[in-house]
Amino acid sequence: ELLYCGATDFASVGRQKTNESGAHADLVEPHRYATLADKTWTRVAGGAAATHCAAIDDEGRLYTWGRNERGQLGHGDYVSRGTPTRVEALGETRCASAACGKGHTVVVCENGDVYGFGSNKFGQLGCGTMKKQMKKGDAEDDKLTPVKALVTNGKSASCGAEFTAVVTRDGEVFTYGLPQYGQLGHGTDHEYNTSASSIKIVYEPQPHPKRVVANGFGERKIVKLACGTNHVACFDDAGKIWTWGNGGYGRLGHRVQKDEFAPKMVEIQGGDRNLVPADAVLGAGSTSTFVSALQGQMYAFGKLKTTGDNTMYPVPLMDLQGWVLRDFACGSVTFAGCAEKSAVTWGGGAYGELGYGPKGKKSSANPDLVPSLEGKTTRRVACGNGYTLFLVDKEDAKD
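Residue numbers (full-length UniProt numbering): 1 to 399.
What follows is the structure in structure tokens.
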């Protein structure tokens, strides 16, 4: 069963004008969509830079809703949707997982095909073509319905703000889109000057999916991968963590604030005693990275709270000591996880996306329980810009 909390007026999220009229009240604790109450859901998707979200039902159909200024909902128009709406253009294709970027959505099908829709300005849909550098006023390169990406055998995908990474069933990683901080992991940020005298630097978009192989990464089999807004974190079947992309605030965990243009291994205290198990949870937010190691202990690095110092290398999150998280997600300023019969959230909540309820606090510096989900089995969580999604077992959701 799908539960939602956070903003209802997607157009205003993160914009200066706050919603004073109160025509759309934000949902401050998890609600279900009445029209879809009889559906069974298997996956939910958000993204650190996304103001739209996606969910997949037990028949493998994709539903999207939220902001739609780039056609990122895939319904063939630019109209925002307030409730989950089926992406008809995918027909009977069964979807396995989805991911949301700032203005694009990527979906991986059960047969390994990868589709994308929304903004293709930086080639982040991976269809191999894109419009050339445009003059002001030209129409944006938006795909309003799904286009196929040039990568096959996909297992899962994750989106940063303007780029996409796909993990194949063989554990290879393919990336495409905007390379500005090296987040594609190909050893360069593809920057060049537009002309000899110009100081305008352009980062050449990469619309062709390309395999990440630098620094011996190509020999590794990748189990799980997460994209932050401009960085990537993943771990391989040997339990080693790799990160690359934007290094600000130490979010890559290499003890320096330096952008990495190619994959680099992260050192965790305890060395080989502290390898990451294959079923670990992993999350990458706008300026931070989280991963669970042995016995489910969560480690985090980067800028973890809106106040306070950054962490340049992995530190254990003491607040979550002894919790074995089933799933974990990062929004732009929010974090959510679920374990046993509880769900926890923390971070900044301008739109009630932490789900603490009408009497609860607006934001939380430390992980705290979502009161209305206490005693219920939450299977999956997803966060975005201004919202949180929870998948809760049907038997439990009835109470």
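C-beta: ideal position from N, C-alpha, C; glycine also.
Residue 208 and residue 150 have their C-alpha atoms roughly 7 Å apart. In terms of Cβ geometry, residue 110 and residue 60 form a close pair [threshold 8 Å]. Where residue 118 is concerned, the enclosing beta strand (DSSP E) starts and stops at 114–119. The DSSP-derived three-state label of residue 48 is coil.
Taking C-alpha positions only, residue 259 is separated from residue 250 by approximately 9 Å. Distance from residue 367 to residue 360 at the Cβ level is roughly 14 Å; contact not present, criterion being Cβ atoms closer than 8 Å.
According to the DSSP assignment, residue 229 belongs to no beta strand (DSSP E), since it is labelled neither H nor E. The Cβ atoms of residue 276 and residue 218 lie no closer than 8 Å to each other. For residue 244 against residue 206, the beta-carbon gap comes to about 14 Å, at or over 8 Å, which does not count as contact. Here residue 162 is buried. Its C-beta has 16 or more other C-beta atoms within 10 Å. Here residue 272 is exposed, its C-beta having fewer than 16 other C-beta atoms within 10 Å. Only buried fits residue 236, as 16 or more other CB atoms lie within 10 angstroms of its CB. 8 Å or more divides the Cβ of residue 328 from the Cβ of residue 346. Per DSSP, the unbroken beta strand (DSSP E) holding residue 368 starts and ends at 364–369. Rounded to the nearest angstrom, the gap between the Cα atoms of residue 45 and residue 7 is 16 Å. At a Cβ-Cβ threshold of 8 Å, residue 148 and residue 71 do not count as neighbours. Taking the Cα positions, residue 267 is about 19 Å away from residue 228. In the DSSP assignment, residue 5 falls within the unbroken beta strand (DSSP E) covering 2–6. Boundaries of the beta strand (DSSP E) harbouring residue 154: 154–159, taken from the DSSP string.
Between the stretch 121–130 and the stretch 74–85 there are fewer than three inter-stretch CB-CB distances shorter than 8 Å, so the stretches are not counted as touching. Its chain contains 56, 58 as the residues whose beta carbon lies nearer than 6 Å to that of residue 42, once the 5 sequence neighbours on both sides are disregarded; these appear in chain order. Beta-bridge annotation (DSSP): residue 70 is not paired with any residue.
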